[in-house]
Amino acid sequence: MGWACGRREQCRRVFRRRPHAFRGAGPVAAGLRASPVSSAHFVSLATNGTLRGPHGGIVLARAGFASVIDRAAGGANRDLVGLATKAVVLNEALADSFRAYQWLMLDNAGAMADVLRERGFEAVSGDSGQLVVSDGPPVHVSRSLEQLASAHMFADLCRTYCPDADRSVATGIGVAAAALTARGLTTEESAYVAHVIADVLHAPLQDDIVRRARDEGQELCRQFPVAR
Numbered sequence: 005m006g007w008a009c010g011r012r013e014q015c016r017r018v019f020r021r022r023p024h025a026f027r028g029a030g031p032v033a034a035g036l037r038a039s040p041v042s043s044a045h046f047v048s049l050a051t052n053g054t055l056r057g058p059h060g061g062i063v064l065a066r067a068g069f070a071s072v073i074d075r076a077a078g079g080a081n082r083d084l085v086g087l088a089t090k091a092v093v094l095n096e097a098l099a100d101s102f103r104a105y106q107w108l109m110l111d112n113a114g115a116m117a118d119v120l121r122e123r124g125f126e127a128v129s130g131d132s133g134q135l136v137v138s139d140g141p142p143v144h145v146s147r148s149l150e151q152l153a154s155a156h157m158f159a160d161l162c163r164t165y166c167p168d169a170d171r172s173v174a175t176g177i178g179v180a181a182a183a184l185t186a187r188g189l190t191t192e193e194s195a196y197v198a199h200v201i202a203d204v205l206h207a208p209l210q211d212d213i214v215r216r217a218r219d220e221g222q223e224l225c226r227q228f229p230v231a232r
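Right, here's the structure in full:
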């Protein structure tokens, strides 16, 4: 208990100024979006998602916090495999092909947002290019997520919440374009995926639509296999 209390106090001391956390690390690393590093005391980023790396993260801190940031954030990382894969990801981010991938991901996210808006949803594609948030006409979030998972849709999906709303109630669904872009899908296929997602969202209780969506998703997976 003493260790836990001490750690909480350390976190309060280290993070007394709000850090700038962002998920759009890929476009920033590629130089397509402005970096928050110069204006924040801390920057946290995920190595999965737009960086195309393993599940994990990196915390960048100003020099004045270097002596305590490791203890406050959880201690040293002894997973050498995890560290090595992160190093590979950061090295890949220096390549021209990574920059091209980020441009395509932004275009794909925009194409998906356009389709979802056409289908009656409120869709937003932000600067990160990763998430298209949809909370349009009655979306039964829990049921829709279950049905999309049953349909084996390989667009990344997660619950989203309004900042000022009750967080026990999900208000929308986030759709990431990073994974399908890594498979090689272009804006044409991304728009098609968005139509399939919209079909399920409009009729989450119709099993025939879910089965059709699963078949269409599997066909796209065959056309665009995961690179090895």
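The number in the numbering used here is simply the position in the sequence shown, starting from 1, with 4 added.
Beta carbons: idealized from backbone N, C-alpha and C, even for Gly.
Contact between the stretch 105–119 and the stretch 58–75 is absent: fewer than 3 CB-CB pairs across the two stretches fall below 8 Å. The Cβ atoms of M116 and A198 lie closer than 8 Å to each other. Annotation for V47: the continuous beta strand (DSSP E) segment containing it runs F46 to A50.
In the displayed model, G114 falls within a helix according to three-state DSSP. Contact between F125 and A202 holds: CB atoms are separated by about 7 Å, below the 8 Å threshold.
The alpha-carbon separation between R218 and A29 amounts to approximately 31 Å. If you look at G61, you'll find it isn't in any alpha helix (DSSP H); it sits in the beta strand (DSSP E) that goes G61 to A65. Each residue's CA atom was taken as its position, placing V41 and F102 some 20 Å apart. In terms of Cβ geometry, A182 and G53 form a close pair [threshold 8 Å]. Remark: C-beta atoms of V204 and V214 approach each other more closely than 8 Å.
Assigned with DSSP and collapsed to three states, V230 falls in coil, not helix or strand. Your pair S43 and G61 does not check out as a contact, with CB atoms roughly 20 Å apart and the cut at 8 Å.
Nearest to T89 by alpha-carbon distance, out of V119, G114, A50 and E193, is A50. In the DSSP annotation of this structure, the continuous segment of the alpha helix (DSSP H) that includes T191 starts and ends at T191 to H206. CA-CA distance, V119 to A113, rounds to 10 Å.
Leaving aside the five residues that flank R123 on each side, the residues in its chain whose CB is nearer than 6 Å to its CB run, in chain order, A202. In this structure, G57 sits near V93, with a CB-CB distance shorter than 8 Å.
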